[in-house]
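Asker: The structure that follows is given in the form of structure tokens.
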């Protein structure tokens, strides 16, 4: 609550805002009535219409309109989370999120993430003009905001009678539902959350209408704004555009309220009874066809080396080794990390080969070394006893690691730049890392 006397300029501005809104509501009613009066020639009926006009004017006197609005504000409630989206006949508590609810963990995406949001209104649609009145803004802040802060200026603006103004202010502040008893309903969603002492918490999931409105506004802008239309047109015509656009594939629409969306809430009516749902389906991967390495004696050649990821890692390792002549622990650790990534690519390749039909290595067109067949076609052991016996021996793993070490040394020296001084020490390091990675095969064999 603000302290000290109210700012008179603010008082005048807020009072003008209040009176201006009421006059805007009065004007169309007088216009319709005065047209009837102008057409009426019967003196008696003109007199009746004139009396009706006086009643309209009296109803829209500032004091009278505010008194009536204060009586009707109890028919509506300002909310951020609404119940009727669960079931239109549900009767129970709604919820209005406030800044002092900041104890919500930041890791959760919700209304708490929004710096500002539009409140929704539930209740009697005939009383929505009261909410529109409270939404009127002065200097970027709504009348309701001033009222909730108990700003002395808004109290003075409502009436010179302080007691009357404070009474209206308290009544209008009740639109947020503060002070109302919390209640669920048989048509509402209810989750009974058990506690250690045998009791439970009754959780009442509510529809986050204000958050949904923020998402709806963003998606509507992305889909229908002039900028988005311009960008899509440029794409269709294969033209350039200064900005892009966003698409929402496989979007679903959830309807609320049928032909009377206003019976659910005000924002639901503004959304035409629709809530747009983003697709949460997993992506459909279109992997390239996996082919068996036929007609080659080893995969440690062009078959494996030509993969883009492998070429990139080989280059990174080569550049790293050429960047220094030192050979300390830090350098060796950095080198090992890059080699581990290359080993991962080898294992990924082996995993892809396992997706082929078992026994593919028995094809006469497969000229791989036997050790690589034992490694890359493990399921062949299910139908080929001799093959299974060879795998159990396990010597092929050391052979594969040795082949990997030879291949990597060759790759690092296969460059137009100066040759790297790579020899037996490096070969043993590459071999050791690969052999360690193949330990999983030994564990697998123990269960055959």
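In my numbering, the protein residues as written are 1 to 448. From the three backbone atoms N, C-alpha and C, an ideal C-beta is built for every residue, glycine too. Fair warning: this is a prediction, and the values are worked out from it, not measured in the lab.
Please confirm if the stretch 76–90 is in contact with the stretch 51–65, defined as three or more CB-CB distances below 8 Å between the two stretches.
Answerer: no
Asker: Between which two residues does the alpha helix (DSSP H) harbouring residue 437 extend?
Answerer: 424–437
Asker: Quick check for students: name the residue ranges of the alpha helix (DSSP H) that lie wholly in the stretch 3–41, counting only runs of 4 or more.
Answerer: Listed in chain order, the complete alpha helix (DSSP H) runs (minimum 4 residues) inside the stretch 3–41 are 8–39.
Asker: Out of 151, 43, 205 and 281, which one is the CA nearest neighbour of residue 85?
Answerer: 205
Asker: Per DSSP, residue 254 is paired with what?
Answerer: 275, per the DSSP bridge assignment.
Asker: Report yes if the C-beta distance between residue 151 and residue 6 is below 9 Å; otherwise report no.
Answerer: yes
Asker: Suppose the cutoff is 7 Å on Cβ atoms and the five residues either side in sequence are ignored; what does the same chain contact list for residue 444 look like?
Answerer: Confidence at residue 444 is low in this model, with a pLDDT of 47, below 50, so the placement of that residue should be treated as unreliable; the coordinate-derived value is given next. Nothing listed; no residue qualifies.
Asker: Looking at the secondary structure, which residues open and close the alpha helix (DSSP H) in which residue 43 lies?
Answerer: Annotation for residue 43: the continuous alpha helix (DSSP H) segment containing it runs 43–59.
Asker: Count the other C-beta atoms from every protein chain shown that fall within 10 angstroms of the C-beta of residue 161, then say buried if there are 16 or more, exposed otherwise.
Answerer: Exposed is the call here.
Asker: Which residue's Cα is closest to the Cα of residue 119: 184, 129, 125 and 210?
Answerer: The candidate whose alpha carbon is nearest that of residue 119 is 210.
Asker: Residue range of the alpha helix (DSSP H) that residue 77 falls in?
Answerer: Unbroken run through residue 77 is the beta strand (DSSP E), 76–79; no alpha helix (DSSP H).
Asker: How many Å lie between residue 259 and residue 347 at the Cα?
Answerer: Their backbone Cα atoms lie some 59 Å apart in a straight line.
Asker: So the candidates are 98, 146 and 64; which of them puts its Cα closest to the Cα of residue 164?
Answerer: 64
Asker: Any idea what DSSP makes of residue 441, helix, strand or coil?
Answerer: For residue 441, the predicted model reports a pLDDT of 49, less than 50, meaning its position is unreliable and no value from the coordinates is stated.
Asker: Do you know how far the Cα of residue 283 is from the Cα of residue 230?
Answerer: Going from the Cα of residue 230 to the Cα of residue 283 covers about 28 Å.
Asker: What first and last residue would you give for the beta strand (DSSP E) that runs through residue 131?
Answerer: Not the beta strand (DSSP E): residue 131 falls in the alpha helix (DSSP H), residues 128–134.
Asker: Note down the Cα distance separating residue 369 from residue 300, rounded to an integer number of angstroms.
Answerer: 11 Å
Asker: Mapping the DSSP letters down to three states, classify residue 141 as helix, strand or coil.
Answerer: strand
Asker: In terms of residue numbering, what span does the alpha helix (DSSP H) encompassing residue 334 cover?
Answerer: 329–353
Asker: Nearest to residue 187 by alpha carbon, out of 115, 110, 83 and 261?
Answerer: 83
Asker: For residue 8, which residues in the same chain have their Cβ closer than 8 Å to its Cβ, ignoring the five residues on either side in sequence?
Answerer: none
Asker: Is residue 194 helix, strand or coil when you go by DSSP?
Answerer: strand
Asker: CB residue 130 to CB residue 77, shorter than 9 Å?
Answerer: With contacts defined as CB atoms closer than 9 Å, residue 130 and residue 77 fail to qualify as a contacting pair.
Asker: Quick one: give me the first and last residue of the alpha helix (DSSP H) that residue 405 is part of.
Answerer: 395–413
Asker: If we ignore side chains and look at the alpha-carbon of each, how far apart do residue 28 and residue 52 end up?
Answerer: 15 Å
Asker: Considering Cα atoms alone, identify which of 411, 398 and 439 is closest to residue 431.
Answerer: 398
Asker: Rounded to a whole number of angstroms, what is the C-alpha to C-alpha distance between residue 357 and residue 322?
Answerer: 43 Å
Asker: Three or more beta-carbon pairs under 8 Å between the stretch 165–180 and the stretch 188–202, yes or no?
Answerer: no
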